[in-house]
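Chain order of the listed sequences is A and B. Residue 63 is where the first sequence starts when you use my numbering, and the numbers rise one by one after that. Residue 4 is where the second sequence starts when you use my numbering, and the numbers rise one by one after that. All residues carry an ideal CB built from backbone N, CA and C; glycine is no exception. Notes follow once the structure below has been shown.
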Amino acid sequence: MDDDLNVQTWLDKYGDYLYSYAFLKVKDRHIAEDMVQETLFAAIAAKNTFSGQSTIRTWLTGILKHKIIDHFRRQSRVTAIGDLVDQDDEDNLDYFFRNSGSWIEKPESFPSPESALQQQQFQTIFQRCLSGLKTRQAEIFLAREVHEMNNEEICKHFSITTTNAWVLLHRARLALIRCLKIHWIDR
Amino acid sequence: MLNCKQASQLASRLMDEELPFWEKFSLKMHLFLCRSCSNFSRQLDFLRKVSRHDENMPDFQLTDEAKQRIANALIDKQRSN
């Protein structure tokens with residue numbers, strides 16, 4: 063069978079991505095796992111309708127988005143649906159830089175990544191910092207750093223411009239570093 | 004001469020793509036002279052390393068058990084179709 067259309071390969075290739083996408087929205091491990099399964103079930107049923115117009119990842123994410131919306135509807139968590147709207151908020155870099163362009167809080171050096179990874183606490187703090195990002199920033203950061211998508215893939219997948227991608231990644235990185243500084247370094 | 008805000012933007016971009024020659028050159032100059040921004044640039048490397056470290060992201064990856072369970076469910080589903 064053509065690899066591109068083999069559902070089992072989709073689970074290996076895109077399972078983690080779909081899971082992290084769902085987890086960011088529903089914040090529950092079991093529900094997120096179920097959603098990955100439901101998405102792949104739906105994908106089997108709709109396989110013939112995949113037009114090849116988009117990438118498989120984008121197509122699967124589209125199916126997953128509907129599952130997430132259904133989930134919130136069932137829970138009638140109206141407010142949560144607001145979270146699903148992709149807001150590119152107007153917050154800017156003023157939080158980090160003065161008008162003159164100098165740092166408000168000068169970056170200090172961090173311990174080595176190796177030593178951080180040896181601390182159990184670090185992993186918990188890092189995940190909490192990630193979950194605390196604005197949804198859009200977290201999605202893009204995860205796509206880039208965890209799932210190692212390149213800029214071109216990110217722009218296509220999220221339908222954003224290159225400049226948008228730079229800005230979102232930069233903000234996400236600044237926010238994560240700030241969060242780690244407060245909750246990990248200065249603790 | 005770049006200010007720190009501009010330099011930090013370029014340093015972040017450099018994590019994702021090659022920069023044009025002059026932008027890269029002015030960034031390197033800035034990093035050479037500015038301790039804060041060179042710390043920031045090392046923090047970016049830090050983020051990349053900890054993010055790409057496999058066991059670091061249980062919240063953002065399917066567990067092996069979940070993967071297996073879904074794989075089995077998919078096989079059942081495809082058989083019944």
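Asked, Found
"Which ranges does the alpha helix (DSSP H) cover as unbroken runs of at least 4 residues, wholly within the region 6-84 of chain B, from first to last along the chain?", "7-17, 24-36, 38-54 and 67-83"
"What separation, rounded to the nearest whole angstrom, lies between the Cα atoms of residue 145 (chain A) and residue 72 (chain B)?", "Its pLDDT being 46, under 50, residue 145 (chain A) is placed unreliably by the model, and the measurement read from it follows with that caveat. When rounded, the distance between both Cα atoms is 29 angstroms."
"Quick check on the DSSP output: what are the complete alpha helix (DSSP H) runs of length 4 or more inside the region 194-238 of chain A, in order along the chain?", "197-203 and 213-220"
"Is residue 140 (chain A) close to chain B, meaning its C-beta is less than 8 angstroms from at least one C-beta of that chain?", "The predicted position of residue 140 (chain A) is uncertain, since its pLDDT is 44 and thus under 50; a value taken from the coordinates is nonetheless stated next. It does not; no Cβ of chain B falls within 8 angstroms."
"Sort B:10, B:54 and B:21 by Cα distance to residue 213 (chain A) and report the nearest one.", "B:21"
"Using a Cβ-Cβ cut-off of 7 angstroms (strictly less than) and excluding sequence neighbours within five positions of residue 44 (chain B), which residues of its own chain qualify?", "14 and 34"
"Is it buried or exposed, residue 82 (chain A), if we count other Cβ atoms within 10 angstroms and call 16 or more buried?", "buried"
"What are the start and end residues of the alpha helix (DSSP H) that includes residue 243 (chain A)?", "It is not in any alpha helix (DSSP H) - residue 243 (chain A) carries neither H nor E in the DSSP assignment."
"Return helix, strand or coil for residue 68 (chain A), following the three-state DSSP convention.", "coil"
"Establish whether the CB of residue 235 (chain A) and some CB of chain B are separated by less than 8 angstroms.", "yes"
"Per DSSP, residue 165 (chain A) is paired with what?", "A:159"
"Are the region 191-205 of chain A and the region 230-243 of chain A touching by the rule of at least three beta carbon pairs closer than 8 angstroms?", "yes"
"Can you name the start and end residues of the alpha helix (DSSP H) that residue 173 (chain A) belongs to?", "Counting along the chain, residue 173 (chain A) falls outside any alpha helix (DSSP H), and DSSP gives it neither H nor E."
"If we ignore side chains and look at the alpha-carbon of each, how far apart do residue 171 (chain B) and residue 25 (chain B) end up?", "As displayed, chain B neither begins before 4 nor continues past 84, which places residue 171 (chain B) out of reach and without an answer."
"Pull up the distance between the alpha-carbon of residue 152 (chain A) and that of residue 19 (chain B), whole angstroms please.", "Per-residue confidence for residue 152 (chain A) stands at a pLDDT of 40, beneath the threshold of 50, marking its modelled position as unreliable; no derived number is given."
"Apart from the five residues on each side of it in sequence, which residues of its chain come closer than 6 angstroms, Cβ to Cβ, to residue 104 (chain A)?", "125"
"Please compile the residues from chain A whose C-beta is within a distance smaller than 7 angstroms of the C-beta of residue 8 (chain B).", "155, 159 and 163"
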